[in-house]
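Participant: Counting from 190, one number per residue, gives the positions in the sequence shown under the numbering used here.
From the three backbone atoms N, C-alpha and C, an ideal C-beta is built for every residue, glycine too.
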Amino acid sequence: MSTIAQGRDVLVIGGLPSVDLMPPEVRAQKAGKILRGRLGLGVALVAVVTVAGVALATVAAINAEISHAAAQATTVGLLAQQNQYAAARAAQQGIQTGHEAQRVIGGTEVDWQSYLASATAALPAGTVMSEFSIDSATPMVAYPQSADPLQTARVATLRLVGTSAVFGAVPDMLDNLAKIPGVIDTQFGPSTRNDDGTYKTTVEMHLDETAYAGRFEPKDGE
Numbered sequence: 190m191s192t193i194a195q196g197r198d199v200l201v202i203g204g205l206p207s208v209d210l211m212p213p214e215v216r217a218q219k220a221g222k223i224l225r226g227r228l229g230l231g232v233a234l235v236a237v238v239t240v241a242g243v244a245l246a247t248v249a250a251i252n253a254e255i256s257h258a259a260a261q262a263t264t265v266g267l268l269a270q271q272n273q274y275a276a277a278r279a280a281q282q283g284i285q286t287g288h289e290a291q292r293v294i295g296g297t298e299v300d301w302q303s304y305l306a307s308a309t310a311a312l313p314a315g316t317v318m319s320e321f322s323i324d325s326a327t328p329m330v331a332y333p334q335s336a337d338p339l340q341t342a343r344v345a346t347l348r349l350v351g352t353s354a355v356f357g358a359v360p361d362m363l364d365n366l367a368k369i370p371g372v373i374d375t376q377f378g379p380s381t382r383n384d385d386g387t388y389k390t391t392v393e394m395h396l397d398e399t400a401y402a403g404r405f406e407p408k409d410g411e
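#1: With Q376 as the anchor, note down where its beta strand (DSSP E) starts and where it stops.
#2: Ends of the beta strand (DSSP E) at Y388?
#3: On the CB-based measure, 16 or more other CB atoms within 10 Å of its CB, does G196 come out buried or exposed?
#4: Identify whether E298 lies in helix, strand or coil by the three-state DSSP scheme.
#5: In whole angstroms, what is the alpha-carbon distance linking S380 and S322?
#6: Closer than 8 angstroms is the cut-off here; do at least three beta carbon pairs connect the stretch 322–333 with the stretch 363–375?
#7: Give a yes or no on whether the C-beta atoms belonging to I373 and T346 are separated by under 8 angstroms.
#8: Out of T263, S319, M394 and L267, which one is the CA nearest neighbour of R343?
#9: Between which residues of its own chain and T426 is the CB-CB distance below 7 angstroms, once the five residues before and five after are set aside?
#10: If D385 sits next to P313, beta carbons under 8 angstroms apart, how far is it from one beta carbon to the other, in whole angstroms?
#11: Given this structure, state the Cα-to-Cα distance separating T399 from T352, to the nearest angstrom.
#12: Hey, A336 and T387 are a contact pair by Cβ (cut 8 angstroms); roughly how many whole angstroms apart?
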């Protein structure tokens, strides 16, 4: 078998004779049908993809709504619990405020009974405390300080009058009183002789902030 090609015409020698009698319109109609089928298939695929996308978006929206509703329910539950314990929180806050007020008011408290007992015990033999007075800072007013810059800061003063049959007992009295914790210095005024022959001496004991009782200060772990 041999072929001779000239341009677009092909001459086949030895082949089977054939003749295409189908009109061009039929061939065009057949090609159009195939094209329309392919286009329909493409449209169907696009529709399937679109439906799947819409379905996924719908599921995601439903899940988001469910999560939002669950979060709202949790929030409502928490608010209900907070309201349930509101009274307890208010009471706790009141207690805390009371403790803070106690610390402020009691911050300048001095155990004067203890200091008077210590001062009495520190008096030399034969000397008795006949009078006393106290002066201290308050939560609102600071204690006035000495004009002498060399004096240590003080927060309270205990003045007492000691009566002794012996005039020389004053130095021993000052030494003993100065040993009391919280006492930073002692000073004495003029001694006077009473009609009965005894001597009366006024003594001032100045206290620093270590003399504060600290009853309402928080303890370790509080």
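Facilitator: The short version:
#1: In this chain, the beta strand (DSSP E) harbouring Q376 covers V372 to R382.
#2: Residues Y388 to L396.
#3: With a pLDDT of only 47 at G196, under 50, the local geometry of the prediction cannot be trusted, and the value read off the model is given with reservation. Answer is exposed; the Cβ neighbour count stays below 16.
#4: Looking at E298 - three-state DSSP - the assignment turns out to be coil, as it is neither helix nor strand.
#5: So the two alpha carbons sit approximately 18 angstroms from each other.
#6: Too few Cβ pairs lie closer than 8 angstroms, so no.
#7: Contact: no.
#8: Measuring from the Cα of R343, the nearest candidate turns out to be M394.
#9: Any property of residue 426 remains undetermined from this structure, which presents the chain solely from 190 to 411.
#10: Contact doesn't hold; Cβ gap of about 18 angstroms is too wide.
#11: Whole-angstrom Cα-Cα distance: 29 angstroms.
#12: Not really, about 34 angstroms apart at Cβ, beyond 8 angstroms.
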